[in-house]
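Asks:
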Amino acid sequence: MKRREILFVGAVFVPLLTGVAHADDKVAHQAEVKSKAMRALQDFYKADPKIKDAVSKAPGYAVFTTYGLSFGLGGAGGKGIAHDSKTKKDTYMSIAQASAGLQIGASDTRYLFVFDDAKSLADFIDRGWEASASAGAGAGTGKEDANVKAGAIAFTGGHAYVLTKAGLQAGVALGGSKVWKDKDLN
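Just so we're aligned, residue 578 is where the sequence shown starts under our numbering, counting upward by one.
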């Protein structure tokens, strides 16, 4: 009888303990994503100080860090946050990109979306964002940032900026990007 009681108690408490461990992992992952996003935002401010003023006046912004490789076919992915300046709420988001064409490289790239109004921010968070891209090149040494490219992304409802932190991407390719709310982190 004792063995059954021990098994029953174990069956009840093991899922609770793993749930606590999962919650701790989620909090740690959120902290890591937010830290990277804040460093990326500081990189934008350093590369172009005018961006800080635009972000401070905006109803919200979204910032992402991506890592990618390309050799004919390319792909990149990353995470970031969308921040509502009024409510001070952060929504954790993911970004993915795919491309095909005459391209080669590897990069560590940051994306910043500064919203013109609360509706554009809400739509970005709730519906995500998709875009297609054409040609591009970027370079960064990791020691010095490449130039911020304003308007390098077609984006309705605000302004988008791209900063290649490290690496080199060059070529002509067709591709697309998608942003969505990260259900595992929210």
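Beta carbons are placed, not taken as given, at the ideal position from N, Cα and C, and that holds for glycine.
Only a predicted model underlies this, so the values are computations on that prediction, with no experimental measurement involved.
1) Starting from the C-beta of residue 705, find all residues in its chain whose C-beta is less than 6 Å away, skip the five residues before and the five after it, and write them out in chain order.
2) Between the C-alpha atoms of residue 722 and residue 687, what's the straight-line distance to the nearest angstrom?
3) So residue 734 and residue 692 are supposed to be a Cβ contact under 8 Å. How far apart are they, rounded?
4) Could you spell out where the alpha helix (DSSP H) holding residue 628 opens and where it closes?
5) For the alpha helix (DSSP H) containing residue 698, list its first residue and its last residue.
6) Our contact map puts residue 759 next to residue 669 with C-beta atoms below 8 Å; I'd like the distance itself, whole angstroms only.
7) Out of 615, 738, 639, state which residue places its alpha-carbon closest to the alpha-carbon of residue 700.
8) Which value, in whole angstroms, describes the spacing of the CA atoms of residue 637 and residue 681?
9) If you run the structure through DSSP and keep just helix, strand and coil, what is residue 756?
10) Rounded to the nearest angstrom, what separates residue 696 and residue 677 at their Cα positions?
11) Among 630, 611, 603, which one has its Cα closest to the Cα of residue 666?
12) If you reduce the DSSP assignment to three classes, tell me which class residue 647 lands in.
13) Report the CB separation of residue 702 from residue 635 in whole angstroms; it is logged as a contact under 8 Å.
14) Going by beta-carbon coordinates alone, are residue 651 and residue 708 separated by less than 9 Å?
15) Reducing DSSP to helix, strand and coil, say where residue 665 ends up.
Replies: With the given structure in hand:
1) Looking up residue 705 in the sequence shown gives position 128. The answer, listed in chain order, is 756, 757.
2) To locate residue 722, count along the sequence shown from 1; it is residue 145. To locate residue 687, count along the sequence shown from 1; it is residue 110. Note on residue 722: pLDDT 44, under 50, position unreliable in the model; the coordinate value appears next. Straight-line Cα distance between these residues: approximately 11 Å.
3) Position 157 of the sequence shown, counted from the first residue, corresponds to residue 734. Position 115 of the sequence shown, counted from the first residue, corresponds to residue 692. So it is a contact: roughly 6 Å between Cβ atoms.
4) Mapped onto the sequence shown, residue 628 falls at position 51. Its alpha helix (DSSP H) spans residues 627-634.
5) To locate residue 698, count along the sequence shown from 1; it is residue 121. Residue 698 -> alpha helix (DSSP H) spans 695-704.
6) The residue given as residue 759 occupies position 182 in the sequence shown. The residue given as residue 669 occupies position 92 in the sequence shown. With 8 Å as the limit, residue 759 and residue 669 qualify as a contact, their Cβ atoms being about 5 Å apart.
7) Residue 700 sits at position 123 when you count from the first residue of the sequence shown. Minimum Cα distance to residue 700 is reached at 639.
8) Your numbering for residue 637 matches position 60 in the sequence shown. Your numbering for residue 681 matches position 104 in the sequence shown. Those two C-alpha atoms are separated by around 34 Å.
9) Taking the sequence shown and counting its residues from 1, one reaches residue 756 at position 179. The answer is strand: DSSP assigns residue 756 an E or B state.
10) One-based indexing of the sequence shown puts residue 696 at position 119. One-based indexing of the sequence shown puts residue 677 at position 100. One C-alpha to the other measures close to 33 Å.
11) Looking up residue 666 in the sequence shown gives position 89. Checked all of 630, 611, 603; the closest Cα to residue 666 is 611.
12) Position 70 of the sequence shown, counting from 1, holds the residue named residue 647. Strand.
13) Position 125 of the sequence shown, counting from 1, holds the residue named residue 702. Position 58 of the sequence shown, counting from 1, holds the residue named residue 635. Not really, about 14 Å apart at Cβ, beyond 8 Å.
14) The count along the sequence shown starts at 1 and reaches residue 651 at position 74. The count along the sequence shown starts at 1 and reaches residue 708 at position 131. Contact flag unset, no.
15) Taking the first residue of the sequence shown as position 1, residue 665 is located at position 88. In the structure shown, residue 665 sits in coil (DSSP, three-state: anything other than H, G, I, E or B).
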